[in-house]
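Report on one structure; see the data block that follows.
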Amino acid sequence: MILTQTMQTPAGPLSLLVHDDVLVGAGFTADPEELHLRLAPELRALPLRPVGDVGKAAQAVRDYLDGDLAALDAIAARQHGSERRQRLLAALRAVPAGTVVTYAELAERAGMPRSAARAAGGACAGNLVAPFVPCHRVVPATGGVGSYYYGPEVKRWLLRHEGVPV
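Under our numbering, the first residue of the sequence shown carries the number 1455, and numbering increases by one thereafter.
The following block contains the structure:
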């Protein structure tokens, strides 16, 4: 069973999906099923159970919104994917709040050549635990905030909240 909770945030509704005390889905949507459909097949096979509070992940969101920008870092999260994708997600998770990197820089941090910037973009696009894996901290080298699965306004809000001028 996957426990779900949808929280109201200044950036919009944030749904959290937790399985065995590990965050397996998070995103700015009021519909946890939207995230559920994107999970790995073995997790999609599990039913969703809405609860009032999913525990540590929800508390981390509250702490983050209250100004503890490192609170999301302490939450165990799991996503499916190749070894290459896992390296990109780990490098992404290591980008500290209040900073941004380009897609090419993210690829370099994951130990991949600069030509892997497209793969870095794909890892961000497929990120299933935003903002815990902070794909909002990746911006195009050409400037601006770039795209974000949940929309540029959500990305701008997150970056401003973390003190990044946008």
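Positions of the beta carbon are idealized from the N, C-alpha and C atoms, including for glycine. These numbers were taken from a predicted model, which means no experiment stands behind them.
{"Check": "Residue burial classification, residue 1465 (beta-carbon count within 10 angstroms, cutoff 16)", "Outcome": "buried"}
{"Check": "Buried/exposed call for residue 1605, threshold 16 Cβ in 10 Å", "Outcome": "exposed"}
{"Check": "Integer-rounded CB distance, given that residue 1548 should sit under 8 Å from residue 1595", "Outcome": "Wrong, their Cβ atoms sit about 19 Å apart, outside the cutoff."}
{"Check": "Three-way DSSP call (helix, strand, coil) for residue 1623 in this model", "Outcome": "Since the first and last residues shown for the chain are 1455 and 1620, residue 1623 lies out of range."}
{"Check": "Residue 1493 in three-state terms, based on DSSP", "Outcome": "coil"}
{"Check": "Residue 1497 and residue 1456 closer than 8 Å at C-beta", "Outcome": "yes"}
{"Check": "Whole runs of the alpha helix (DSSP H) within the region 1541 to 1609, excluding any shorter than 4 residues", "Outcome": "1557 to 1563 and 1571 to 1579"}
{"Check": "Residue interval of the beta strand (DSSP E) (run including residue 1459)", "Outcome": "1456 to 1463"}
{"Check": "Terminal residues of the alpha helix (DSSP H) in which residue 1511 lies", "Outcome": "1510 to 1519"}
{"Check": "Closest Cα partner of residue 1500 within the set 1570, 1474 and 1507", "Outcome": "1474"}
{"Check": "For residue 1534, the first and last residue of its enclosing beta strand (DSSP E)", "Outcome": "Note, residue 1534: premise wrong, no beta strand (DSSP E); not H, not E."}
{"Check": "From 1587, 1593 and 1458, residue whose alpha carbon lies closest to that of residue 1505", "Outcome": "1458"}
{"Check": "C-beta contact flag for residue 1477 and residue 1489 at 8 Å", "Outcome": "no"}
{"Check": "Validate contact between the region 1575 to 1594 and the region 1530 to 1545 using beta carbons, cut 8 Å, 3 pairs", "Outcome": "yes"}
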